[in-house]
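J.:
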Amino acid sequence: MINEFNLVIASVGGQGGLTLSRIIAEAALSNGYSVRTGETLGMSQRFGSVLSFVRFGEDVRGPLIPFAKADVLIGLELLEALRAWKFIGPKTLVLVAKISIPPVFSSLSHIPKWSSYKYPSIDDILMNLRKRAEKAIDIDALPILRKLNNVRGLNVFMLGIFAASPRNPIPKSLYEDAIRKVIKRNIELNIKTFRIGYDIGQRLEFT
Amino acid sequence: MSWILGNPGNRVLLLGNEAIARGAIEAGVNFVIGYPGTPSSEILAALARVADKLGIYVNWAINEKVALETAVGASLSGLRSLVTMKHVGVNVAADPLMTLAYIGVIGGFVLISADDPQCHTSQTEQDNRYYAMLAKIPVLEPTNPQEAKDMTRIAFSISEEHQIPVMLRSTPRLSHTFGEVVLGEITKSSRKPSFPRDPDRWVCVGPTALRRHKILEEKQNKIKEVIDNLDFNKLILNNAVDIGIITVGVAYNYVLYAIDKLNIGDKVNVLKICSSNPLPEKNVLSFLKRNRKILIVEELDPIVEKQVLALAKKFNIDTEIYGKLDGFLPLVGELNPDTVAIAIAKFMNIPYEVTEKLSTTDFSVPQRGLAFCAGCPHRATYYSLRKVLREIKKSYIVTGDIGCYTIGKASPFNILDTCICMGASISMASGFELSKASDVVIAVIGDSTFLHNGIPPLINAVYNNSKIKVLILDNETTAMTGHQPHPGTGYTATGAKSKKVLIEDLAKACGVEFVKIVDPYNLKETQKVLREAIEFNGPAVVILRRTCALLYSRMARAKGIKLKKYAVVQDKCRGCLLCIRDFGCPAMIYDSSTKKVHIDPFLCTGCGVCVDICPFNAIEEVGQ
Numbered sequence: 005m006i007n008e009f010n011l012v013i014a015s016v017g018g019q020g021g022l023t024l025s026r027i028i029a030e031a032a033l034s035n036g037y038s039v040r041t042g043e044t045l046g047m048s049q050r051f052g053s054v055l056s057f058v059r060f061g062e063d064v065r066g067p068l069i070p071f072a073k074a075d076v077l078i079g080l081e082l083l084e085a086l087r088a089w090k091f092i093g094p095k096t097l098v099l100v101a102k103i104s105i106p107p108v109f110s111s112l113s114h115i116p117k118w119s120s121y122k123y124p125s126i127d128d129i130l131m132n133l134r135k136r137a138e139k140a141i142d143i144d145a146l147p148i149l150r151k152l153n154n155v156r157g158l159n160v161f162m163l164g165i166f167a168a169s170p171r172n173p174i175p176k177s178l179y180e181d182a183i184r185k186v187i188k189r190n191i192e193l194n195i196k197t198f199r200i201g202y203d204i205g206q207r208l209e210f211t
Numbered sequence: 003m004s005w006i007l008g009n010p011g012n013r014v015l016l017l018g019n020e021a022i023a024r025g026a027i028e029a030g031v032n033f034v035i036g037y038p039g040t041p042s043s044e045i046l047a048a049l050a051r052v053a054d055k056l057g058i059y060v061n062w063a064i065n066e067k068v069a070l071e072t073a074v075g076a077s078l079s080g081l082r083s084l085v086t087m088k089h090v091g092v093n094v095a096a097d098p099l100m101t102l103a104y105i106g107v108i109g110g111f112v113l114i115s116a117d118d119p120q121c122h123t124s125q126t127e128q129d130n131r132y133y134a135m136l137a138k139i140p141v142l143e144p145t146n147p148q149e150a151k152d153m154t155r156i157a158f159s160i161s162e163e164h165q166i167p168v169m170l171r172s173t174p175r176l177s178h179t180f181g182e183v184v185l186g187e188i189t190k191s192s193r194k195p196s197f198p199r200d201p202d203r204w205v206c207v208g209p210t211a212l213r214r215h216k217i218l219e220e221k222q223n224k225i226k227e228v229i230d231n232l233d234f235n236k237l238i239l240n241n242a243v244d245i246g247i248i249t250v251g252v253a254y255n256y257v258l259y260a261i262d263k264l265n266i267g268d269k270v271n272v273l274k275i276c277s278s279n280p281l282p283e284k285n286v287l288s289f290l291k292r293n294r295k296i297l298i299v300e301e302l303d304p305i306v307e308k309q310v311l312a313l314a315k316k317f318n319i320d321t322e323i324y325g326k327l328d329g330f331l332p333l334v335g336e337l338n339p340d341t342v343a344i345a346i347a348k349f350m351n352i353p354y355e356v357t358e359k360l361s362t363t364d365f366s367v368p369q370r371g372l373a374f375c376a377g378c379p380h381r382a383t384y385y386s387l388r389k390v391l392r393e394i395k396k397s398y399i400v401t402g403d404i405g406c407y408t409i410g411k412a413s414p415f416n417i418l419d420t421c422i423c424m425g426a427s428i429s430m431a432s433g434f435e436l437s438k439a440s441d442v443v444i445a446v447i448g449d450s451t452f453l454h455n456g457i458p459p460l461i462n463a464v465y466n467n468s469k470i471k472v473l474i475l476d477n478e479t480t481a482m483t484g485h486q487p488h489p490g491t492g493y494t495a496t497g498a499k500s501k502k503v504l505i506e507d508l509a510k511a512c513g514v515e516f517v518k519i520v521d522p523y524n525l526k527e528t529q530k531v532l533r534e535a536i537e538f539n540g541p542a543v544v545i546l547r548r549t550c551a552l553l554y555s556r557m558a559r560a561k562g563i564k565l566k567k568y569a570v571v572q573d574k575c576r577g578c579l580l581c582i583r584d585f586g587c588p589a590m591i592y593d594s595s596t597k598k599v600h601i602d603p604f605l606c607t608g609c610g611v612c613v614d615i616c617p618f619n620a621i622e623e624v625g626q
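Top line first, the protein sequences correspond to chains X and U.
When the letters of the first sequence are read in order and numbered with this note's numbering, they come out as residues 5 to 211.
When the letters of the second sequence are read in order and numbered with this note's numbering, they come out as residues 3 to 626.
In structure tokens, the structure reads:
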């Protein structure tokens with residue numbers, strides 16, 4: 005039993021970040037842990053920043069994670085992973101999909117009036133994540149998901165990567181049960197996507 | 003979704019709001035009604051899904067006042083009634099709530115007030131525990147989903163036993179938190195409705211009201227005793243220690259976190275109480291006497307703190323009392339583990355390190371800001387409105403209202419001048435117009451919001467002869483809170499058909515002579531009608547009707563209808579960026595290497611409005 009595990013999921017509205025937090029919470033519950041999830045949403049239904057927290061362990065209380073105390077940050081989008089920097093500390097493992105979804109007005113950032121919308125370079129984002137985290141791993145998820153014809157399955161793919169990391173304290177099979185419970189559509193395709201993420205994760209160097 | 007009907011003893015993951023719903027089911031609730039509002043909406047939605055199975059009545063009301071009053075009718079018929087709303091909804095429902103406390107209830111009556119510290123999705127972060135004090139009714143404040151369920155259940159018993167409405171206060175950190183909940187027994191209710199006719203009680207005026215007030219006051223001490231004896235009050239004592247913390251609700255979680263992280267488990271006493279009105283006085287008094295100094299940790303206003311100060315004064319206890327009034331904790335915004343740990347460290351005179359570096363960064367993260375979804379009809383409406391307002395060369399004010407369309411305040415439209423509460427767009431517009439503050443005054447309001455509180459202001463505008471132009475942005479749903487139906491949709495909360503109330507009929511019945519309906523996707527027609535409305539010498543209503551793009555794409559997917567797709571003909575695109583700068587559609591992607599725009603096929607929902615915006619006719623339909 006672990007005492008307390010703090011997981012942050014950073015995503016853009018519509019990417020499935022909330023569903024992912026729900027899947028992990030269900031798996032943690034099945035594993036006998038006490039669980040809390042929380043979320044910080046923008047007011048936009050789509051395309052806004054979505055920050056979800058999943059906390060589990062022997063006895064967890066509130067849903068919020070203190071600053072710099074994330075054990076793992078799963079980023080479904082690069083800029084959103086960077087936006088969650090406050091939760092990254094020297095012991096955090098960052099797993100981020102190498103996917104950019106620029107804010108609408110980033111396209112105009114070459115015009116001075118709109119320059120604050122400039123999307124940072126991927127290298128800059130990764131450098132800043134690495135500077136704060138114990139380890140930050142970027143995963144080129146899109147080509148794999150396209151091949152699987154399951155771009156919407158990014159969340160379960162990244163879950164597979166996390167499940168394969170030595171930080172993960174929950175048996176893989178419980179995640180699969182949780183996916184079956186939470187996801188309504190294309191269950192088998194999503195299980196497959198999760199497993200492919202897991203296989204890829206097993207070949208990564210997490211430390 | 004039927005896990006909220008799970009068997010007793012099961013340990014399941016429930017959202018705080020689902021836990022409240024389960025608590026109501028366990029209490030044998032008969033009648034549920036409310037108005038959508040974040041973070042309360044999932045309570046009623048969860049109950050609507052199981053309403054038929056349980057044989058209970060669940061529906062949305064037109065607004066919170068009507069919801070509460072309808073539930074009063076059910077309660078006076080002996081039915082257990084639940085009313086759900088967000089904190090500002092209680093403002094709307096405050097009128098009947100005050101009198102309800104006087105007349106009292108028959109069937110258990112529970113009001114859920116979902117507060118929003120931090121204004122995550124609201125116009126204020128008001129502390130609705132003041133309403134409980136104002137109405138002199140008990141308020142229960144759960145810490146986690148388990149307590150949310152159990153307290154909802156017990157709230158019904160307290161309400162029924164003492165014939166008083168009971169409030170349950172939630173916040174997003176409870177309502178929108180999943181946590182494990184052990185389910186209890188479900189009470190199968192077989193109540194037969196029966197109204198005990200008693201005009202000397204239910205017709206609450208003059209001497210009757212005064213008499214009922216006296217009865218309400220007499221209830222207070224009994225209820226105080228009930229609250230004092232609830233197991234939800236928790237005491238953690240270290241016998242040799244004379245320093246203590248009093249906390250309530252969700253803040254208890256942060257207190258426990260801080261004690262753990264500061265490693266002071268053996269250096270401090272904790273009293274967690276379950277209600278700020280009435281204060282569990284015996285618990286608080288004995289805690290006051292035991293401790294030399296006390297810190298009070300509560301979400302939002304120092305309500306417990308002020309009462310504890312008064313209590314200490316009354317009983318001549320010289321315990322030092324700290325909290326929000328002396329700045330140990332902030333009065334603005336929600337609490338979090340760090341703010342509470344900082345306050346407790348300061349209170350205990352011990353160091354706590356929130357890495358200072360954290361407050362500054364050496365990089366900037368661009369905001370995503372507020373954006374309409376791809377295909378949102380409001381985007382098209384605001385595009386046309388802005389175009390027309392620029393062309394007419396007159397001064398104008400645009401008053402806004404509560405809903406997705408409030409995003410019109412943000413780029414690229416920056417078109418809304420005001421937004422204060424539901425319905426205020428129309429009444430404020432009248433105020434501006436009657437003050438002659440500008441040549442043209444436009445009010446922008448959504449369909450659900452218009453039905454909620456927009457009709458009296460529209461009648462008033464006609465009556466006051468205020469020549470406002472009211473734009474009703476009718477996306478045929480209550481979009482922002484999660485697509486709940488309303489009277490204009492012709493469906494109920496459980497999906498049953500009902501009489502469809504037509505907004506155009508209402509507008510005409512209000513006495514408005516200019517009422518026109520347009521499809522905002524049709525830019526030319528929309529702009530023509532907007533110009534006509536502005537030129538019309540009198541109040542005018544334009545209904546911009548087009549189903550919410552999210553709802554439409556979901557329906558289309560379910561029915562197997564393919565959405566239209568559009569693409570930018572690259573040879574024709576000159577990279578003027580008008581489609582992004584003036585329209586702001588997130589499906590438009592600019593490629594800085596080719597200096598041309600393309601449309602992301604995954605994001606595009608096929609509204610096709612961009613075809614008419616592109617000055618170079620570069621956008622074409624490309625099949626499905």
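C-beta atoms are modelled at their ideal positions from N, C-alpha and C, and glycine is treated no differently.
Quick caveat, the model's predicted, so the values are computed rather than measured.
Just by C-beta distance, which residues in the stretch 175–186 of chain U are closer than 9 Å to chain X?
T.: Cβ contacts with chain X come from R175, L176, H178, T179, F180, G181 and E182.
J.: Beta-carbon of T197 of chain X versus every beta-carbon of chain U: anything under 8 Å?
T.: No, because no Cβ of chain U sits closer than 8 Å to the Cβ of T197 of chain X.
J.: Check the C-beta distance from L99 of chain X over to I165 of chain X and give it rounded, since I have them as a contact under 8 Å.
T.: Confirmed, Cβ separation roughly 6 Å.
J.: Below 8 Å between beta carbons is the criterion; list the residues of the stretch 575–591 of chain U that meet it against any residue of chain X, in chain order.
T.: Flagged, chain order: L579, I582, R583, G586, C587, P588, M590 and I591.
J.: Is the separation between the beta-carbon of L142 of chain U and that of L99 of chain U shorter than 8 Å?
T.: No. Outside cutoff.
J.: Please identify the residue among X:P67, X:T23 and X:R171 whose C-alpha is closest to the C-alpha of G214 of chain X.
T.: Given that chain X is displayed from residue 5 to residue 211, the structure contains no residue 214 of chain X and the question cannot be resolved.
J.: Under 8 Å, Cβ to Cβ, is there at least one residue of chain U near D203 of chain X?
T.: Not an interface residue.
J.: Please state whether the Cβ-Cβ distance between T451 of chain U and M430 of chain U is less than 8 Å.
T.: Result no, Cβ atoms of T451 of chain U and M430 of chain U do not sit closer than 8 Å.
J.: Looking only at its own chain, which residues have a Cβ that is under 8 Å from the Cβ of P332 of chain U, when we skip the five neighbours before and after it?
T.: Cβ neighbours of P332 of chain U beyond the five flanking positions: K326 and T341.
J.: When you compare the CB positions of E81 of chain X and S104 of chain X, do they come within less than 8 Å of one another, or not?
T.: Yes, Cβ-Cβ distance for E81 of chain X and S104 of chain X is below 8 Å.
J.: Whose Cβ in chain X lies nearer than 8 Å to the Cβ of S413 of chain U?
T.: What S413 of chain U touches in chain X: F109.
J.: By the DSSP assignment, the alpha helix (DSSP H) with D142 of chain X in it spans what residues?
T.: Looking at the DSSP string, D142 of chain X is not in any alpha helix (DSSP H); the run it does join, the beta strand (DSSP E), is K139 to I143.
J.: Output the residue ranges of the beta strand (DSSP E) runs that lie fully inside the stretch 73–119 of chain U and measure 3 residues or longer, sorted by chain position.
T.: Those beta strand (DSSP E) runs which fall completely within the stretch 73–119 of chain U and span 3+ residues are 83–88 and 111–116.
J.: Taking H454 of chain U as part of the alpha helix (DSSP H), name the residues at either end of that continuous run.
T.: Its alpha helix (DSSP H) spans residues D449 to N455.
J.: Looking at the C-beta of G42 of chain X, does it have a partner C-beta in chain U at a distance below 8 Å?
T.: So yes, G42 of chain X belongs to the interface.
J.: Of the residues U:I45, U:S277, U:L552 and U:V520, which one's Cα is nearest the Cα of L565 of chain U?
T.: Checking every option, the nearest Cα to that of L565 of chain U belongs to U:L552.
J.: What is the DSSP secondary structure of R65 of chain X, reduced to helix, strand or coil?
T.: Coil, per DSSP.
J.: Could you name the residues of the same chain whose beta carbon sits closer than 6 Å to that of G201 of chain X, not counting the 5 residues immediately before and after it, in chain order?
T.: Answer for G201 of chain X: F161, G164 and I165, listed in chain order.
J.: Is the stretch 580–589 of chain U in contact with the stretch 364–371 of chain U, if contact means three or more CB pairs nearer than 8 Å?
T.: Contact fails: fewer than three Cβ-Cβ distances are below 8 Å.
J.: Assuming contact is defined by CB atoms lying nearer than 8 Å, are L532 of chain U and S432 of chain U in contact in what I supplied?
T.: Going by C-beta atoms, L532 of chain U is not nearer than 8 Å to S432 of chain U.
J.: With H, G and I counted as helix, E and B as strand and the rest as coil, what does DSSP make of S38 of chain X?
T.: In this structure, S38 of chain X counts as strand in the three-state DSSP scheme.
J.: Got a sec, what are the start and stop residues for the alpha helix (DSSP H) N10 of chain X sits in?
T.: Where N10 of chain X is concerned, there is no enclosing alpha helix (DSSP H), although the beta strand (DSSP E) it sits in stretches over F9 to V16.
J.: With a threshold of 6 Å on Cβ separation, who are the neighbours of T86 of chain U within its own chain once the five nearest residues in sequence on each side are excluded?
T.: Closer than 6 Å at Cβ, skipping near neighbours: G36, S42, I45, L46 and I114.
J.: Let me see if you follow: with CB-CB separation under 8 Å, is D128 of chain X close to chain U or not?
T.: True, the Cβ-Cβ gap to chain U drops below 8 Å.
J.: Helix or strand or just coil, what does DSSP make of D593 of chain U?
T.: D593 of chain U falls in the strand class under three-state DSSP.
J.: Check each residue of the stretch 240–263 of chain U: if its Cβ is closer than 7 Å to any Cβ of chain X, include it; give the result in chain order.
T.: For the stretch 240–263 of chain U, which is checked against every Cβ of chain X, the residues closer than 7 Å are V252, N255, Y256, L258 and Y259.
J.: With distances taken between CB atoms, is the gap from L287 of chain U to I247 of chain U smaller than 8 Å?
T.: Against a cut-off of 8 Å, the Cβ pair of I247 of chain U and L287 of chain U comes out as no contact.
J.: Which residue or residues does DSSP assign as beta-bridge partners of G36 of chain U?
T.: Per DSSP, U:W62 and U:T86.
J.: Give the secondary structure of T480 of chain U by DSSP, where H, G and I count as helix, E and B as strand, and everything else as coil.
T.: Note: T480 of chain U maps to strand in three-state DSSP.
J.: Quick check for students: name the residue ranges of the alpha helix (DSSP H) that lie wholly in the stretch 366–426 of chain U, counting only runs of 4 or more.
T.: Runs found: 379–394.
J.: Under 8 Å between the Cβ atoms of A589 of chain U and A373 of chain U?
T.: Result no, Cβ atoms of A589 of chain U and A373 of chain U do not sit closer than 8 Å.
J.: Going by C-alpha distance, which of U:R193, U:G267 and U:N285 is nearest L232 of chain U?
T.: Cα-wise, what sits closest to L232 of chain U is U:N285.
J.: Please determine if the stretch 61–73 of chain X and the stretch 28–44 of chain X are in contact, where contact requires at least 3 C-beta pairs separated by less than 8 Å.
T.: With a cut-off of 8 Å, the stretch 28–44 of chain X and the stretch 61–73 of chain X count as touching, because enough Cβ pairs lie within range.
J.: Count the other C-beta atoms from every protein chain shown that fall within 10 angstroms of the C-beta of Y259 of chain U, then say buried if there are 16 or more, exposed otherwise.
T.: Classification of Y259 of chain U: buried, given that the 10 Å Cβ count is 16 or more.
J.: One question on the structure: do I428 of chain U and G456 of chain U come within less than 8 Å of each other, judged by their Cβ atoms?
T.: In this structure, G456 of chain U lies closer than 8 Å to I428 of chain U by Cβ.
J.: When we look at the beta-carbon of A511 of chain U and count the other beta-carbons within 10 Å, is it buried (16 or more) or exposed?
T.: Counting Cβ neighbours within 10 Å, A511 of chain U comes out exposed, since fewer than 16 surround it.
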